[in-house]
Amino acid sequence: MKLLSRSLLYELIFFEKCPICNNESSCQVSPFCLTCWATIRPFENQKITKGKFHKNFWNYIDALYSYSSYEGTIKEAIHIFKYKKIMRLGKQLGKLLSKIEKPLIDIIIPVPLHANKLKEREFNQSAILARELSEAWGIPLILDCLIKIKNTKEQALLSEVDRKENLKDAFIVRTKLNNLKVGLIDDVVTTGSTLTECAKVLKIKGEAKNIYAITLARAN
Ligand SMILES: [Zn+2]
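First residue of the sequence shown: 1, per my numbering; consecutive thereafter.
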């Protein structure tokens, strides 16, 4: 056991290669190298108020802020962060997120995971990004308001009809938000169905005034 962890440590320090180009990784943005990390380009239009998402997206979301397009290094980084559980990437990704033009918000709420999913993944990537953002922007982070009560299937694997049914009644709010403006955080937006469902509950049940969805990457 001791030997194994020593060799792992050795590998981490001396042999870590950038997953994109296989050159030596940089400790600042590990496991990536600085050259690949620098290819993450911010959107010129980080804030959008129209676009093709879930049909109710713009009924509940007042604006969408995303740092970059979901491709290349950032796509790889989010994947590694989430599924290979490289926690230190959360800080770097959170830093990128905090460079987004700050909307006028009172609180920050991450898209929650179901308790079973949280157990399986060990952490909620959106909550980690939300914590970084909360610290950088000096805006309170609320973790116990929006709760996921249904352990839904992976949206990407379902048809459009099943997706709708899958997310139905998946989220609840525990406290009223009394007209507050909410920054709703997720790592990626693709069809936007999860963000739509969260925003709907926050507005209708939670009585939030505005919902600004904030994501690291945007797929379309
Ligand atoms: Zn590289």
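All C-beta atoms in this analysis are idealised placements derived from N, C-alpha and C, irrespective of residue type, glycine included.
Nearest-angstrom Cα separation, counted from residue j out to residue i
i, j, result
"K150", "D169", "7 Å"
"R88", "A127", "14 Å"
"N220", "Y70", "8 Å"
"K119", "E24", "33 Å"
"A77", "A156", "19 Å"
"A115", "T152", "11 Å"
"M1", "G183", "Because M1 carries a pLDDT of 45, less than 50, the predicted location of this residue cannot be relied on, and no value is offered for it."
"A208", "C21", "45 Å"
Which of helix, strand or coil DSSP assigns to residue i
i, result
"R41", "coil"
"K50", "coil"
"I20", "coil"
"K148", "strand"
"V161", "helix"
"V201", "helix"
"I172", "strand"
"I86", "coil"
Paired residues, beta bridge with residue i - DSSP
i, result
"T215", "S66, D186"
"K181", "N210"
"P110", "I185"
"F57", "DSSP lists no partner for F57."
"L141", "I108"
Closer than 9 Å to chain C by CB, residue i
i, result
"T49", "Of the chains in the structure shown, none is chain C; there is only one protein chain."
Distance cut-off 8 Å: residue i Cβ against heavy atoms of ligand 2
i, result
"F32", "With respect to small molecules bound, the structure shown includes ligand 1 and not ligand 2."
> For the segment 87-107 against the segment 127-139, are there 3 or more C-beta pairs whose distance is under 8 Å?
Replying inline: Yes, the segment 87-107 is in contact with the segment 127-139.
> Is there contact here, the segment 155-169 with the segment 55-62, by at least three beta-carbon pairs under 8 Å?
Replying inline: no
>> For the structure I just gave you, are there three or more beta carbon pairs, one from the segment 186-203 and one from the segment 106-125, closer than 8 Å?
In response: yes
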